[in-house]
Structure formats: structure tokens, C-alpha cells
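Protein sequences, first through last, are from chains A and H.
Under my numbering, the first residue of the first sequence carries the number 574, and numbering increases by one thereafter.
Under my numbering, the first residue of the second sequence carries the number 574, and numbering increases by one thereafter.
Beta carbons are placed, not taken as given, at the ideal position from N, Cα and C, and that holds for glycine.
Report on the following structure.
Protein chains: 2
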Amino acid sequence: MTRNREATSARIVEAVGHVLAREGFRGLSLRAVARQAGVDKRLLSRYFGDLDRLIAAYAAGSDFWWTVDELVGDHLPGPAENTWAGWLCLAVQRHTGALRQRALTQEILAWEMIEPNALTEELSAVREQRAAELIERIQARLGTQADASWRAVGALMAAATTYLIVRAHTCDFYLGIDLHAEDSWKQFDRAIEIIARGAIAEPPPRRDAAALNARSQRKT
Amino acid sequence: MTRNREATSARIVEAVGHVLAREGFRGLSLRAVARQAGVDKRLLSRYFGDLDRLIAAYAAGSDFWWTVDELVGDHLPGPAENTWAGWLCLAVQRHTGALRQRALTQEILAWEMIEPNALTEELSAVREQRAAELIERIQARLGTQADASWRAVGALMAAATTYLIVRAHTCDFYLGIDLHAEDSWKQFDRAIEIIARGAIAEPPPRRDAAALNARSQRKT
DNA sequence: GGCCTAAGTCCCCGGGCGGGGACTTAGGCT
DNA sequence: AGCCTAAGTCCCCGCCCGGGGACTTAGGCC
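Structure (C-alpha cells):
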């Protein structure tokens, strides 16, 4: 057995990722990581002290969130699309795509609703910071400040897709929509577009709507 | 000590709620419930068998979700508002209000992202069913079928507010928005309205937007 | 009043966890 | 070559959990 603290530490930190991927946070324990790394658990407490600090070490070496460039780096909307609507739509759709590819991030997002730890805190901070960068970048390109409405709408859109992605882990349907069908996600993308552009088609109200209304009310 | 299986069972089931409220799902165990109920844990396994079945018993006697009447029972939009936009807006806003008042439901919603159990399954089923009822009710009053776009937009809105409410448990800010400020929730309500009505005000693009664009691109 | 079923209690088991004391030994330094 | 520090190992502790065997006794029924 060759002795090398640096290499062993690295192996341990790496093992955190594997355990997390295989068992989620529920199965993440010092013993489990030690087993995964093929190392005595005594080393973990000696080197990292705490499960939380071990997680922090793992968080430090990873990046679970999109960068602004990943989201809008390659995109330059034409003048017609260079609006808050255009950017919001693009950003939210790419956010969705980026998140759907990061299984581990989804795990962390789920966990932070239950019990924050070093990893969720780190992710949370990075996320807030990247979002701020993103808004700044868009403002620079648009030359306009985002008003509160756009911020709130953007936050709702991001929250919505985040929730649905994480939700899909343990649930198949949401309001009757199949969260595992690729078509549903295309539908969501279209909905995001509709919302951003404020361009939803309202079917003309039927002439007999009022009558129906009254009737159904009496029924209730 | 008076002996009465029925009363004792009831006490146990009730204790589930207390433990859940005090410690969340993480602290929910047969022993913890037994302690709370002031009863030997042997009884729990004898009467209910399993923690999961005990939870199921608790779920059966509770109702964690809004009913259609709670959401739209008292509301009759005037003819001008009797549209999908009007109903969607109302339903999502009331959904938000109803959920914000149900702390325990929020706990369950958080947990179902991690590890489903009898309680989350029950809630999930009830929710899907109520949502279907709601849509049916609205369709009856409108006399129109909801097209796929409205469904997707509605799902996104519901998902968004659900996420933000649950998120507020363990996190103060989302995209810079204070999740504990009542003003933020008013802002979200306005955003929902904006989205539903497709009536967001796009500030006119500045004349120098293209120039800014090019400049900021060079900077990056 | 007696008895017998089932409500309620006690306790042990095996397995998980984190903390940490005491040991062996590899490998760098002199 | 020898030594000494620290890398790595072993093991014990106390705490939680769920399962379940064996017991006591209350209370309904005859």
C-alpha cells in the first residue's frame, strides 16, 4: 500500500461524487464514502473533519451550474429579437436544457429543499451569482434596465422548469403532463415562448358562455 | 392505564402529524411517533405494521390539498373575465395562497422530490385529481376545451409558485428576489396576471441598442 | 368472581451512523 | 542504516433505527 495523502484525499473527494450519484444524499455518509474510496473511514474524519466539510471540499472542485456563456454566449439575436422577451425566452429555454443534462445538480436541488448542507449552499450562491451576471449581460446588450415585472416573470419561468425537472425524478405526471415524454418538454418550451412574447391565442368566448356559466353555477 | 385500541390508534396517528410538524420527515420514525404518543413502539408495529402504512393511515385522515371549491367556488368572473386567461390567473393565484397556508403540505412537497412514501403518493394522487376537476369545471363554465398551450402554461405557473413556496423554507432569495417579503409575493401575483393576460409591456428598444450590442460583444 | 383475550410493556437483537483512541508501518530525511 | 513523523488500520463506544419474542395485566364476558 503506497502512502500518499494528496492522492488519497483526491480519491476520497472523488468518491463523494460516486456515492452521491449512486445513492443520493440519503446514502451519503462518511462510512459510505470511505467504502467507495476503499479507505478507512478514520482518514475521512482526520483529513476533512466533518461530513459537511468533506462535502464542501467536493463542492469546491466541481461546477454544477451553467455559466453565462453556456447560456447565451453564442447567441446574438437579430434586432427584431433583441428584446427582453427574446432574451428571456432564450435564457429560460437554455436554462432548462442545461439543467436537464446535470443529474447531480438535480439531486442537489432536491435536497436543498429539505436540509441545506455545504453543497447546496455552494450551489445556491453560485446560482444567484450567475443569474445576476446573466441579467447584467443582457442589460448591457439591450441598453435597458430590467423592470420588476420582467424579473418576476423570469424568476417564475426558471422556478417552474427547475421544479418540473427535479420533480420528474420521482413522479411521472404533473397536471396530466407526462414529465418523461420529450414532447412534453417541447410543449413547455413553446409555453415559455408564448409567455415571454405575451402571444397566447385566446379562443373567442362562445356566445352562450354566460348561459353555460349560470347553468354550471346552479349545478354546483 | 385505560386500555382502548381505537383511542390509542387515533393518538398514534395524531402523533404522526405532530412529529412531522416538529421534525419533518427526517425525524419521522416509529420510535419518534411512539414517544410523541406516549406509547410503546411495539404497538405501532403491531397495529400498523410498517412506518409506511402508519403514514398511509395518517394520510387517509387528512386533506392536504385545496378543493376545487376552495379555489374557484365563490368566484364568477364577469363576461369580460370569463376567459382562459381570467380563470388561469385566478386559479394560480389562489393555488399559491392556499399552498402558502399549508405548512405541512409544503413539507410533503419537499420530501416527494427526494424519496416518495405513502404520504407523498397520496398527496400526488389527490393533487392530480383535483387539478383535473378544476380544469373540467372551468371548461364547463367556458364551454371551450383547454388547448395544449393553456395546459402547459398553467402547469408552468403552478410549478413555479409551488417551487418558490417550498424553496422559501430553506432559502431566502431566488434570483435576487426576497422570498420572505410579502411584496415579492404581490409581485409574483402581478407576474402571473401579466403572463395569463399576455400583457407584458415591452419597453421600446433604444435606438442605440445595436451599437451597445456590438460593444458589449467585443468586451466579452 | 373467574378466566381468557388482547392491550400494553420490556427487552434483546442486528445494523446503521459518527467520534475518536491506540496501534502498525511506509517512506522521507539525516 | 536508522529513526521518526504521519499515513493508514483496527476496534470500541454511544447513539439511533426497525423487528419481534416474551411477558404482565386490564377489562369484557360468562
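Which same chain residues end up closer than 6 angstroms to residue i when comparing Cβ atoms and leaving out the 5 residues on each side of it in sequence?
{"i": "A:E680", "result": "G597"}
{"i": "A:I750", "result": "S757"}
{"i": "H:R615", "result": "none"}
Can you name, in chain order, every residue of its own chain whose Cβ lies under 8 angstroms from the Cβ of residue i, other than the five neighbours on each side?
{"i": "A:E717", "result": "Per the sequence shown, the amino acid found at residue 717 of chain A is Thr instead of Glu. Contacts found: W657."}
{"i": "H:T678", "result": "F637, W638, L672 and L696"}
Rounded to the nearest angstrom, what separates residue i and residue j at their Cα positions?
{"i": "H:L729", "j": "A:A676", "result": "21 angstroms"}
{"i": "H:G611", "j": "H:L593", "result": "16 angstroms"}
{"i": "H:M686", "j": "H:G727", "result": "20 angstroms"}
{"i": "A:L737", "j": "A:T743", "result": "10 angstroms"}
{"i": "H:L748", "j": "A:E694", "result": "14 angstroms"}
{"i": "H:A629", "j": "H:I765", "result": "35 angstroms"}
{"i": "H:L715", "j": "H:N655", "result": "7 angstroms"}
{"i": "A:A588", "j": "A:A733", "result": "32 angstroms"}
{"i": "H:V606", "j": "H:V586", "result": "8 angstroms"}
{"i": "H:Y620", "j": "H:R595", "result": "24 angstroms"}
{"i": "H:D745", "j": "A:E688", "result": "14 angstroms"}
{"i": "A:A580", "j": "A:A705", "result": "37 angstroms"}
{"i": "H:Q609", "j": "H:V699", "result": "28 angstroms"}
{"i": "H:D613", "j": "H:T575", "result": "14 angstroms"}
{"i": "A:A769", "j": "H:H591", "result": "43 angstroms"}
{"i": "H:D647", "j": "H:E755", "result": "24 angstroms"}
Round the Cβ separation of residue i and residue j to the nearest angstrom and send it over; I've been treating them as touching at under 8 angstroms.
{"i": "H:A632", "j": "H:L692", "result": "5 angstroms"}
{"i": "H:A725", "j": "A:Q666", "result": "Not a contact, Cβ separation roughly 13 angstroms."}
{"i": "A:R735", "j": "A:L663", "result": "In the sequence as displayed, the identity of residue 735 of chain A is Thr instead of Arg. A:T735 to A:L663, Cβ: 17 angstroms. No contact."}
{"i": "A:V641", "j": "A:R578", "result": "Not really, about 37 angstroms apart at Cβ, beyond 8 angstroms."}
{"i": "A:G771", "j": "H:G771", "result": "4 angstroms"}
{"i": "H:L649", "j": "H:W723", "result": "That belief does not hold up - the Cβ atoms of H:L649 and H:W723 are roughly 20 angstroms apart, past 8 angstroms."}
{"i": "H:I708", "j": "H:A719", "result": "6 angstroms"}
Please list the partners that residue i has in chain H, where partner means a Cβ-to-Cβ separation under 7 angstroms.
{"i": "A:W684", "result": "I687"}
{"i": "A:V589", "result": "None at all; the shortest Cβ gap to chain H is about 18 angstroms."}
{"i": "A:G670", "result": "Within chain H, no residue comes near A:G670; the closest Cβ sits about 16 angstroms away, beyond 7 angstroms."}
Taking the alpha-carbon of residue i as reference, which of the options has the nearest alpha-carbon?
{"i": "H:E701", "options": "H:H591, H:V739 and H:F637", "result": "H:F637"}
{"i": "H:S635", "options": "H:A583, H:W684, H:R763 and H:L663", "result": "H:A583"}
{"i": "A:A683", "options": "H:V739, H:G646 and H:E706", "result": "H:V739"}
{"i": "A:G600", "options": "A:T581, A:A713 and A:L624", "result": "A:L624"}
{"i": "A:V645", "options": "A:G771, A:W723, A:V589 and A:I711", "result": "A:I711"}
{"i": "A:R763", "options": "A:A580, A:T669 and A:W639", "result": "A:T669"}
{"i": "H:Q674", "options": "H:W639, H:A705 and H:L649", "result": "H:W639"}
Identify the contact partners of residue i in chain A, using a Cβ-Cβ distance below 7 angstroms as the criterion.
{"i": "H:R740", "result": "M686"}
{"i": "H:S697", "result": "C744"}
Who are the near neighbours of residue i in its chain, counting only those whose CB is closer than 7 angstroms to its CB and skipping five residues on each side?
{"i": "H:A741", "result": "L752 and H753"}
{"i": "A:S697", "result": "E685"}
{"i": "H:N690", "result": "D625 and I628"}
{"i": "A:E643", "result": "A671"}
{"i": "A:A713", "result": "none"}
{"i": "H:L617", "result": "I585, L603, V606, A607 and L627"}
{"i": "A:G622", "result": "none"}
{"i": "A:A731", "result": "V665 and H668"}
Please list the partners that residue i has in chain H, where partner means a Cβ-to-Cβ separation under 8 angstroms.
{"i": "A:G611", "result": "The premise fails here: A:G611 is roughly 28 angstroms from chain H at the closest Cβ pair, so nothing lies under 8 angstroms."}
{"i": "A:A704", "result": "L748 and G749"}
Which bits of chain A does residue i rub up against, with CB to CB less than 8 angstroms?
{"i": "H:Y736", "result": "A732, A733, T735 and Y736"}
Hey, would you say the C-beta of residue i is under 7 angstroms away from at least one heavy atom of the ligand NAP?
{"i": "H:L627", "result": "Of ligands this structure carries none, so the ligand NAP is not represented either."}
Please list the partners that residue i has in chain A, where partner means a Cβ-to-Cβ separation under 9 angstroms.
{"i": "H:E701", "result": "F746, Y747, L748 and G749"}
{"i": "H:V592", "result": "Ordered by position in chain A, no residue passes the 9 angstroms Cβ test against H:V592, which lies about 16 angstroms from the chain."}
{"i": "H:A664", "result": "Under the 9 angstroms cutoff, chain A gives no residues; its nearest Cβ is about 11 angstroms from H:A664."}
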